[in-house]
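Chains as they are written, first to last, in the working numbering: chain A, 23 to 343; chain B, 64 to 314. Virtual Cβ for every residue (Gly too), placed ideally from N, Cα, C. All values reported here derive from a predicted model rather than from experimental measurement.
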Amino acid sequence: MTIWKAFLVLLLASYPAAAAPLAYVSNERAGTVTVIDTATQKGLYTLRVGHRPRGIQVSPDGSRVYVALSDTARNDQGDGDAIVAFDPKRPRIVARYDGGTDPEQFAVSPDSKRLYSSNEDAGTASVTDATTKKVIASLIVGIEPEGVAISPDGRWVYVTAETSNTVSVIDTKKNEVVASFLVDPRPRAAAFSPDGRRAYVTAEIGGSVSVVDVARHEVIKTIDLPGARPVGVVVSPDSKLVYVANGHGNSVAVIDAAASRLVATIPVGRRPWGIAITPDGRKVYTANGVSNDVSVIDTATRKVVATIKAGAGAWGVAIGR
Amino acid sequence: MITRRTFLRSILGAGALAAGAGRLHAAPEPRLIRVGLILPKDGAFAESLRRGAELGAQEAGRTAELLRARFELLTATAGDPQEASREATRLIEQSNVMALVGGVEAAIRAALGEVADRHQVLLITTGSPSEAAEAPGRFRFHLAPRRAAGSRGMEWHHSLSRFGAEQLNQRFESSFGKPMDSMAWMGWMAVRIPVELALRHPSATKAELPERLKAMRFDGHKGARLEFDPSHHLRQPLYRVEGDKAVEEVP
Chain A
23 MTIWKAFLVL
33 LLASYPAAAA
43 PLAYVSNERA
53 GTVTVIDTAT
63 QKGLYTLRVG
73 HRPRGIQVSP
83 DGSRVYVALS
93 DTARNDQGDG
103 DAIVAFDPKR
113 PRIVARYDGG
123 TDPEQFAVSP
133 DSKRLYSSNE
143 DAGTASVTDA
153 TTKKVIASLI
163 VGIEPEGVAI
173 SPDGRWVYVT
183 AETSNTVSVI
193 DTKKNEVVAS
203 FLVDPRPRAA
213 AFSPDGRRAY
223 VTAEIGGSVS
233 VVDVARHEVI
243 KTIDLPGARP
253 VGVVVSPDSK
263 LVYVANGHGN
273 SVAVIDAAAS
283 RLVATIPVGR
293 RPWGIAITPD
303 GRKVYTANGV
313 SNDVSVIDTA
323 TRKVVATIKA
333 GAGAWGVAIG
343 R
Chain B
64 MITRRTFLRS
74 ILGAGALAAG
84 AGRLHAAPEP
94 RLIRVGLILP
104 KDGAFAESLR
114 RGAELGAQEA
124 GRTAELLRAR
134 FELLTATAGD
144 PQEASREATR
154 LIEQSNVMAL
164 VGGVEAAIRA
174 ALGEVADRHQ
184 VLLITTGSPS
194 EAAEAPGRFR
204 FHLAPRRAAG
214 SRGMEWHHSL
224 SRFGAEQLNQ
234 RFESSFGKPM
244 DSMAWMGWMA
254 VRIPVELALR
264 HPSATKAELP
274 ERLKAMRFDG
284 HKGARLEFDP
294 SHHLRQPLYR
304 VEGDKAVEEV
314 P
């Protein structure tokens, strides 16, 4: 018993971040990231990152947190437009990447060597080399690109575009757009299932989620979510459930992936945008942009078990390992 | 003996040679989608409608290109119903447009509606505000909604900023150096709607298009899901404007 306790203390002291995954919330208006311990549901610290942080991602090994920043000048690329990375253990910014003009959402490749970001006003997707931190390709995608997702094997990047109602498919081997397809009106985000077979694309005005067969890059089903304004989307680690942040619908929709059917709607804070799931699949976090907080859902009971204060304009959420 | 498979292959091979394709894997010719725009001869409405339709055409063209299709907007002007009827017929018969767009005045909308019904070609009108419902017609659809009596709500205003309105206003202003007004917004929507319909339903027949259009939902950058009501008027939020600012949504 004593030996076990001593071991535990030693373990916690040596790997403070390994105890439980951390959740990172970007606060668009506050210019900060709120860091939450997913074991205690307590805020650990808040880091100032820069102007208008929106898209947020954690590197696959959990050692870096990436945040997309935009300056006030639209259309042209200013000093404030960048993707920055911080080290969650010693919270400070350690790298700054070119992500094109006003990068909004982005994806990190499984090997952490590439970043893929959407540039809304330019109508492009930027491919950034993480070593040189420079944009190596700027690809024409749909009109007002927004959501970006990468397949688990790193081969395909989907970029949604809210005015052309399209998804552009980037082949990461060629760095070329190799296909495009239509989805419902105003697509906002995409997520691949961890098994790589399906992708899910939300449509805010369509009030629906399109189910995509990744092998063919084709929509095979569209699921209507009554009363919802679907924005952020995440898939459970076992690929069986899809969680959709309903934006102005102030709820999270739970979809049974096999049945392609809505199975539950969970009320959360006001205007949930970003959504993330813990690696064990037990908790779902939403960043609520109007109530400026984070709702924590227990996926077993499908109830909110904690509400954590975030900064002004909570936008995105990502969870580390 | 000729098996079914080799027989089919020889037909296909002959076809490819006959067409002079040469390369067996040549990409198919992209599908061409054409829409005809009927503008008034002059006036502020004509200018706004032309600009809105032009922006809509740029965006519809980019979307079509992404989906390996091509889009062309063909424009004609008409000063009276007879001329509108003649120009619309010419666009349909000679240029094979899949939809007509325009009709600022009631008499011209009516003339275009008759042509649309006769040729089974969609008409998307950009009519001026009216309390009266338009004359019904299976192929006639109207971007001006049916208004409540006395309502003075506007379809669009350049001060709108939420739900992507700011981006649309900015795209319009940077293209034309003018603020986007209601007629321009209707022109923008009127071109995008039939193109999106054609892209979503590439194999639908002309006769099937009205039903497909009625089932569609649109984003007009107003935050609401837009759709045609049973009388073919577009359901949408309208705005009350005070001074130079849209202050609220009105019924």
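Check                                                                                                                                                                              : Outcome
So A:Val312 is in the alpha helix (DSSP H); what residue range does that whole segment cover?                                                                                      : Premise fails: A:Val312 is in no alpha helix (DSSP H) and is neither H nor E.
Which residues in chain A have a C-beta closer than 7 angstroms to the C-beta of B:Gln230? List them in chain order.                                                               : Glu166
Along the beta strand (DSSP E) that carries A:Ala267, what are the first and last residues, could you check?                                                                       : Leu263 to Ala267
For the beta strand (DSSP E) containing A:Lys156, name the first residue and the last one.                                                                                         : Lys156 to Ile162
Quick check: the Cα distance between A:Ser85 and A:Ser131, rounded to an integer number of angstroms?                                                                              : 14 angstroms
Compare the C-beta of B:Arg288 with all C-beta atoms of chain A and state if any pair is closer than 8 angstroms.                                                                  : yes
At a Cβ cut of 7 angstroms, what residues of the stretch 262–291 of chain B count as close to chain A, listed as they run along the chain?                                         : Leu262, Arg263, Arg280, Phe281, Asp282 and Arg288
Can you pull the chain B residues whose beta carbon is under 8 angstroms from the beta carbon of A:Arg208, in chain order?                                                         : Gly227 and Asp282
Name the chain A residues whose beta carbon is nearer than 8 angstroms to that of B:Glu122?                                                                                        : Ile165, Thr185 and Ser186
Within 8 angstroms (strictly less), CB to CB, does A:Gly228 reach chain B?                                                                                                         : yes
Suppose you measure from the CA of A:Ile245 to the CA of A:Arg112; what does that come to, to the nearest Å?                                                                       : 43 angstroms
Does the beta-carbon distance from A:Ala129 to A:Gln79 come in below 8 angstroms?                                                                                                  : yes
Under the DSSP definition of a beta bridge, which residues are partnered with A:Thr244?                                                                                            : A:Ser232
For chain A, check one thing: does any of its Cβ atoms lie closer than 8 angstroms to the Cβ of B:Arg125?                                                                          : yes
Examine chain A for any beta-carbon lying closer than 8 angstroms to the beta-carbon of B:Leu163, and answer yes or no.                                                            : no
By alpha-carbon positions, which one of B:Leu102, B:Ala287, B:Lys104 and B:Gly115 ends up nearest to B:Leu231?                                                                     : B:Gly115
Locate the alpha helix (DSSP H) running through B:Asp180, then write down its first and last residues.                                                                             : Ala169 to His182
Rounded to whole angstroms, what is the Cα-Cα separation between B:Glu311 and B:Gly99?                                                                                             : 34 angstroms
Relative to the C-alpha of A:Thr321, which candidate in A:Val116, A:Lys243 and A:Pro259 has its C-alpha closest?                                                                   : A:Pro259
Round the Cβ separation of B:Ala147 and B:Leu175 to the nearest angstrom and send it over; I've been treating them as touching at under 8 angstroms.                               : 6 angstroms
Helix, strand or coil for A:Ile227 per DSSP?                                                                                                                                       : coil
Is the beta carbon of A:Ile341 closer than 8 angstroms to that of A:Ile299?                                                                                                        : yes
Can you tell me the Cα-Cα spacing of A:Thr323 and B:Asp282, whole angstroms?                                                                                                       : 35 angstroms
Taking contact to mean at least 3 C-beta pairs separated by less than 8 angstroms, is the stretch 65–73 of chain A in contact with the stretch 42–54 of chain A?                   : yes
Note the first and the last residue of the continuous alpha helix (DSSP H) segment covering B:Gln233.                                                                              : Ala228 to Phe239
Is A:Ser85 close to chain B, meaning its C-beta is less than 8 angstroms from at least one C-beta of that chain?                                                                   : no
Looking at the unbroken beta strand (DSSP E) that takes in A:Ala183, where does it start and where does it end?                                                                    : Trp178 to Ala183
Note down the Cα distance separating A:Asp206 from B:Ile96, rounded to an integer number of angstroms.                                                                             : 20 angstroms
Sort A:Glu184, A:Arg219 and A:Val326 by Cα distance to A:Ile288 and report the nearest one.                                                                                        : A:Val326
Any C-beta of chain A sitting closer than 8 angstroms to the C-beta of B:Leu102?                                                                                                   : no
Please classify A:Thr154 as buried or exposed, where buried requires at least 16 other C-beta atoms within 10 Å of its C-beta.                                                     : exposed
Return the Cβ separation of A:Thr224 and A:Val257 in integer angstroms, given the expectation that the two are a contact with Cβ distance under 8 angstroms.                       : Not confirmed; about 12 angstroms, so no contact.
Expressed to the nearest angstrom, what Euclidean distance is found between the alpha-carbon atoms of B:Val184 and A:Ala90?                                                        : 47 angstroms
Please confirm if B:Arg301 has its CB atom under 8 angstroms from at least one CB of chain A.                                                                                      : The identity of residue 301 of chain B in the sequence shown is Leu, whereas the question assumes Arg. No, B:Leu301 lies away from the interface with chain A (no Cβ there is under 8 angstroms from its Cβ).
Write down the C-beta distance between B:Thr152 and B:Val178 rounded to the nearest angstrom, noting that I regard them as a contact closer than 8 angstroms.                      : 6 angstroms
Enumerate in chain order the residues of its own chain whose CB-to-CB distance from B:Gly286 is below 7 angstroms, with the five nearest sequence positions on each side excluded. : Arg225 and Phe226
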